[in-house]
Amino acid sequence: MNELINKDSEWIIHFMGSLDRLLDSFEHLTANYRPTLNGERFFTDKEVSARLKVSRRTLQDYRNEGRIAYIQLGGKILYRESDIERMLAGCYRSAYRQTAT
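Here is the structure:
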């Protein structure tokens, strides 16, 4: 019990590793945290284009054609998560050919 605890101690190395993992987890959570407004999450056109792997210009075409609902606040365009999901569900096409199992 009279051991000297220093930075090379096995217990300290384990403890510091645990703190590093905790910090990494916390940074991941805060980077991906999207607060909700009335239970709804909102995304910018940059975030939506990255998630859907389409250009921002394509999103503008979708807006102009009425394919996707959006909110415009000043010069900022926001999309509701539920509207994105609705658009994707509406574009879903099931496989027309059955594969042999």
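Under the UniProt record's numbering, the first residue of the sequence shown carries the number 1, and numbering increases by one thereafter. The beta carbon of each residue, even a glycine, is placed where N, CA and C say it ideally should be. This one's a predicted model, so the numbers in the text were calculated from it and none came from an experiment.
Of all the CB atoms in chain D, is at least one closer than 8 Å to the CB of residue i?
i   : result
E85 : No chain D appears in the structure shown, which is made up of a single protein chain.
For residue i and residue j, what's the separation of their Cα atoms in angstroms?
i   : j   : result
A69 : L23 : 37 Å
S9  : M16 : 11 Å
L19 : A89 : 42 Å
E3  : E27 : 35 Å
N64 : R57 : 10 Å
Only counting the same chain, and skipping five residues up and downstream in sequence, which positions put a Cβ closer than 7 Å to that of residue i?
i   : result
R86 : none
V48 : L59, Y79, I84
Ends of the beta strand (DSSP E) at residue i?
i   : result
Q72 : 71 to 73
L78 : 76 to 80
Using only CA atoms, which one of the options lies nearest to residue i?
i           : options           : result
residue 119 : H14, G90, S82     : Past the edges of the chain, shown from 1 to 101, lies residue 119, and the structure says nothing about it.
G39         : R80, G90, S94     : R80
L78         : R56, A89, D45     : D45
I84         : S94, L59, I13, N6 : L59
The alpha helix (DSSP H) spanning residue i covers which residue range?
i   : result
R67 : Segment: none, R67 is in no alpha helix (DSSP H) and carries neither H nor E.
R51 : 45 to 52
In terms of DSSP beta bridges, what is residue i paired with?
i   : result
L19 : Looking at the DSSP assignment, L19 forms no beta bridge with any residue, so it has no partner.
F42 : R80
L37 : E40
For residue i, I'd like the list of residues in its chain whose CB is within less than 8 Å of its CB, leaving aside the five on either flank, ordered along the chain.
i   : result
K76 : T44
W11 : I5
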